[in-house]
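Working notes for the structure below.
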Amino acid sequence: MARARRPVPLAAACALWACLAIGLSGAADEWLIGWLGETYRPAEVWPQPATEASRSQPWIETLSWRPRAFLYHSFLSDAECDHLIKLGAPQMKRSMVVSSSSENGEVSDYRSSYGCFLNRMQDKVVTDIMRRLSEWTHLPMINQEDVQILRYADGQTYRPHMDVLAEDDEDGRRQATALIYLSDVEAGGETAFPKTRNHNWVDPGKVERMENVSACAKGHIATRARKGDALLFFSLKPDGKQDFMAEHTGCPVESGTKWTATFWIHEEPFRPSTFKPPPPGWVPDDAGECRDFDEHCAAYKEQGRCESDAATLKGDLLGDGMLGICRKTCGVCVECAPNDKECYLQNRANAGYLNLDLQYLWPRPGSAEQQMDT
Numbered sequence: 018m019a020r021a022r023r024p025v026p027l028a029a030a031c032a033l034w035a036c037l038a039i040g041l042s043g044a045a046d047e048w049l050i051g052w053l054g055e056t057y058r059p060a061e062v063w064p065q066p067a068t069e070a071s072r073s074q075p076w077i078e079t080l081s082w083r084p085r086a087f088l089y090h091s092f093l094s095d096a097e098c099d100h101l102i103k104l105g106a107p108q109m110k111r112s113m114v115v116s117s118s119s120e121n122g123e124v125s126d127y128r129s130s131y132g133c134f135l136n137r138m139q140d141k142v143v144t145d146i147m148r149r150l151s152e153w154t155h156l157p158m159i160n161q162e163d164v165q166i167l168r169y170a171d172g173q174t175y176r177p178h179m180d181v182l183a184e185d186d187e188d189g190r191r192q193a194t195a196l197i198y199l200s201d202v203e204a205g206g207e208t209a210f211p212k213t214r215n216h217n218w219v220d221p222g223k224v225e226r227m228e229n230v231s232a233c234a235k236g237h238i239a240t241r242a243r244k245g246d247a248l249l250f251f252s253l254k255p256d257g258k259q260d261f262m263a264e265h266t267g268c269p270v271e272s273g274t275k276w277t278a279t280f281w282i283h284e285e286p287f288r289p290s291t292f293k294p295p296p297p298g299w300v301p302d303d304a305g306e307c308r309d310f311d312e313h314c315a316a317y318k319e320q321g322r323c324e325s326d327a328a329t330l331k332g333d334l335l336g337d338g339m340l341g342i343c344r345k346t347c348g349v350c351v352e353c354a355p356n357d358k359e360c361y362l363q364n365r366a367n368a369g370y371l372n373l374d375l376q377y378l379w380p381r382p383g384s385a386e387q388q389m390d391t
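Going letter by letter, the sequence shown gives residues 18 to 391 in the working numbering.
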């Protein structure tokens, strides 16, 4: 005969349930949402952790989907920014624009900055920055161009333009641009996308927070120049078509000096044969020194090549051209005494180089005096 099942007293059942509640409360929060009466509270959609009080905290902000634009706050440290400026300042010349009539580009009021290029993997710092950009963009390091350092001041600007370049380029088109601000700018100097409007912001609150910008940037997707921040935008849509919303401009600098580092990223490996670190002991040519780089310079001068092939022997005074291989023999520079600062700077000026930011130019880059200072 089956035994009758004894009823469980109500008090005992309640006690058992309370024990289970205590023991499972941690796990229940994960798989029984709401069983204790919780209410779902969504996280803040557009958190703003990078305030002036915590500006060193890195975080990534989605700005827009047309164009695809993102801002990595505090991507570089102050020391990294200063290092890139130190590398670039001695090489500054008037910036060029792409030209169909010149392989090296041409000077134009369309772009009034000064600039230079650093070699890929020029040193450990440059290599590390390239690697971090590759990890962020999920695009290979070898697709990055040489690093362009730019300096804007006193109303200098870069008018609206696209970065893509021609489709028949063997390195593929420029699909993305990473623009890193190396200095703070007191007023102006924003990067703006003039085809965009306020409704293009992913975060509607940015409209109010971007009220205090220059007229060039107001009403558009734009970023202020803030030291260490990196703006990433794509010139191509996911389907490979050109995104004309990625047209952008460097707004005029109204107060201060704006330094930037630009990393253009191609669809294909960029000049793969040159993708390697420089040889040990390599240093950039110094425009302040007067020397020849070819043992046949005297013969070239006799042949009249100082004039007929001036760009090679004397050097290209504008843009990204190299120093001439026979500057001394062709008479475009003079030998300077070791401590003759004025002579050194005059040689630089004669070669088309910028002689501002003297703290980066004298003592001469790489000299014993500079190494003692650093």
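Built from N, CA and C at the ideal position, the CB exists for glycine as well.
Keep in mind that this is a model prediction, so the values were computed, not measured.
- Residue ranges of uninterrupted beta strand (DSSP E) with 3 or more members, entirely inside the stretch 149-216 and ordered along the chain, are 164-170, 175-178, 191-198 and 208-210.
- Residue environment analysis places F92 among the buried positions, since at least 16 neighbouring C-beta atoms fall within 10 angstroms of its C-beta.
- A Cβ-Cβ distance of about 25 Å is found for the pair H100 and R191, leaving them out of contact under the 8 Å criterion.
- Look at S325 here: in three-state DSSP terms it is helix.
- Bridge pairing for F250: A86 and T194 [DSSP].
- The C-alpha of D374 is placed about 14 Å away from the C-alpha of D171.
- Distance from R176 to Q161 at the Cβ level is roughly 25 Å; contact not present, criterion being Cβ atoms closer than 8 Å.
- Distance from the Cα of S151 is smallest, within the candidate group M179, D180, P286 and G257, for P286.
- Out of C360, S231 and R288, the CA that lies nearest to the CA of T208 is found in S231.
- When DSSP states are grouped into helix, strand and coil, V143 belongs to the helix group.
- At a Cβ-Cβ threshold of 8 Å, F261 and T194 do not count as neighbours.
- K275: member of the beta strand (DSSP E) spanning T274 to H283, first to last residue.
- When DSSP reads this structure, T266 sits in a beta bridge with A209.
- In this structure, the alpha-carbon of Q139 lies about 6 Å from that of P294.
- Where Y361 is concerned, the enclosing alpha helix (DSSP H) starts and stops at K358 to N367.
- Taking 8 Å as the cut-off, the Cβ atoms of C98 and S200 count as close.
- Residue nearest to A354 within the set F280, C307 and I77 is C307 (criterion: CA-CA distance).
- Under the 10 Å beta carbon count, R365 is surrounded by 16 or more other beta carbons and is classified as buried.
- Leaving aside the five residues that flank C314 on each side, the residues in its chain whose CB is nearer than 6 Å to its CB run, in chain order, C343 and T346.
- Between A234 and A316, the alpha-carbon positions lie close to 56 Å from each other.
- For the 8 Å CB-CB criterion, S252 and D180 form a contact.
- Assigned with DSSP and collapsed to three states, G332 falls in strand.
- Burial is judged here by how many other beta carbons sit within 10 angstroms of a residue's own beta carbon; K141 has fewer than 16 and is exposed.
- Within its own chain, the residues whose Cβ lies closer than 6 Å to the Cβ of A204, once the five positions on either side in sequence are excluded, are E271 and S272, listed in chain order.
- The beta carbon of Y370 sits closer than 7 Å to those of M109, K110 and A304, all from its chain and outside the five residues before and after it, given in chain order.
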